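Residues in the sequence shown are numbered consecutively from 5, following the working numbering.
Note that the Cβ used here is the ideal one computed from N, Cα and C, for glycine as well.
Quick caveat: nothing in here was measured; it's all calculated off a predicted structure.
Have a look at the structure below, then the notes.
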Amino acid sequence: MMRTDVESIKDDWLTDNAIAFWQEYLEREDLTAFPKASIVLLRPSMSFMLMQTPEPLSLKEALPDFSTTTHVFLPINDCADVTAAEGGSHWSLLLVSVIDGVAFHYDSMSASNDREARSTTMKMEQLLGKKIRFIPMHDSPQQENGSDCGVFVCVLMKHLLLKRLLRADASRKISMSMKDAHINARDGRKQMLKVIEDRKKEGERRRSRSRSPYRPHSAQSKSPPRIGAEQEEEKKH
């Protein structure tokens, strides 16, 4: 991520890259523990491209293969200008349950992105080749300012992924309502920044190990070189 992306997580409107970073984190840290799960976290850039295109099927090669996918998470942006980088002013979350034929829309600012979410749902219908029923989640947790929408998307995504989909009892019907959920945007930002800091420290440790003069040169050599070969030669003579 760029410095501007990290700065956006601190106290601003989240950038595409900031949300994409969080999605990558969820994939690596959580989804990998459930190898049988077939859940797609579609990146903001691809979600935006899908929403804007008049021909969704033309993007089929660029998009993940949805043929065996059960659920798709899509960050929705209200940007109307396809030429604007990091455009728009509001994020919301669309969760498409492919197996149930339902799309749940979570908007932290009433129904600000309703039109965009419905449009994206129709595009998903064409890609999936099946009817998708759109359900606006009117009881979604609401933000208290104008810049926390992206954080709400990230926190909701993690909660729905872990608590409702991956760790739920598959034999029982689950509710996708977030009616009683309380989202603390400040804590969400802190958590995201901690992940970034942890990744940074891990990267520094790896670089430090790679620069070590005692790095193993082969599978057989896993300890620092011994000094004194010359002395052994002198003893022989």
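Based on the DSSP output, what are the partners of Ser-101 in its beta bridges?
His-75 and Val-106
Straight-line gap, Arg-122 to Arg-210 (C-alpha atoms, nearest Å)
45 Å
Across the segment 111–128 and the segment 34–49, are there enough close Cβ pairs to call them in contact, namely three or more that are closer than 8 Å?
no
When you compare each of Leu-160, Glu-90 and Gly-154 to Phe-108 by their alpha carbons, which one comes out closest?
Leu-160
Threshold first: 3 residues or longer. Then list the beta strand (DSSP E) segments lying entirely within the segment 108–175, N to C.
137–140
Leaving aside the five residues before and after Gln-146 along the sequence, list all residues of the same chain whose C-beta is less than 6 Å from its C-beta, in chain order.
Ser-112
What is the residue span of the alpha helix (DSSP H) that Val-243 lies within?
It is not possible to answer for residue 243, since the shown part of the chain is limited to 5 through 241.
Across which residues does DSSP place Ile-43 in a beta bridge pair?
His-75
Return the chain-ordered list of same chain residues with a C-beta closer than 8 Å to the C-beta of Ser-181, the five sequence neighbours on each side being excluded.
Met-141 and Asp-143
I'd like to check one pair, Trp-95 with Cys-153: are the Cβ atoms closer than 7 Å?
yes
Out of Trp-17, Ser-114 and Lys-198, state which residue places its alpha-carbon closest to the alpha-carbon of Glu-1.
Here the chain has residues from 5 to 241 only, and residue 1 is not among them.
If we count the other Cβ atoms within 10 Å of its Cβ and call it buried at 16 or more, is Glu-208 buried or exposed?
exposed
Opening and closing residue of the alpha helix (DSSP H) in which Pro-48 lies:
48–56
Would the beta-carbon of Thr-57 fall within 7 Å of that of Leu-63?
yes
DSSP state of Ile-80 mapped onto helix, strand, coil:
strand
Just confirm the distance between the C-beta atoms of Ile-136 and Val-106, as a whole number of angstroms; I'd bet it's less than 8 Å.
7 Å
For Ser-93, three-class secondary structure by DSSP:
coil
Should Thr-73 be listed as close to the ligand ATP, given that the test is whether its C-beta is under 6 Å from any heavy atom?
In terms of ligand content, the structure shown is empty, and the ligand ATP therefore cannot be addressed.
So the alpha helix (DSSP H) Ile-23 belongs to, where does it begin and stop?
20–33
Cα-Cα separation, Val-10 to Arg-203
13 Å
Which class does Ile-200 belong to by DSSP, given the choice of helix, strand or coil?
helix
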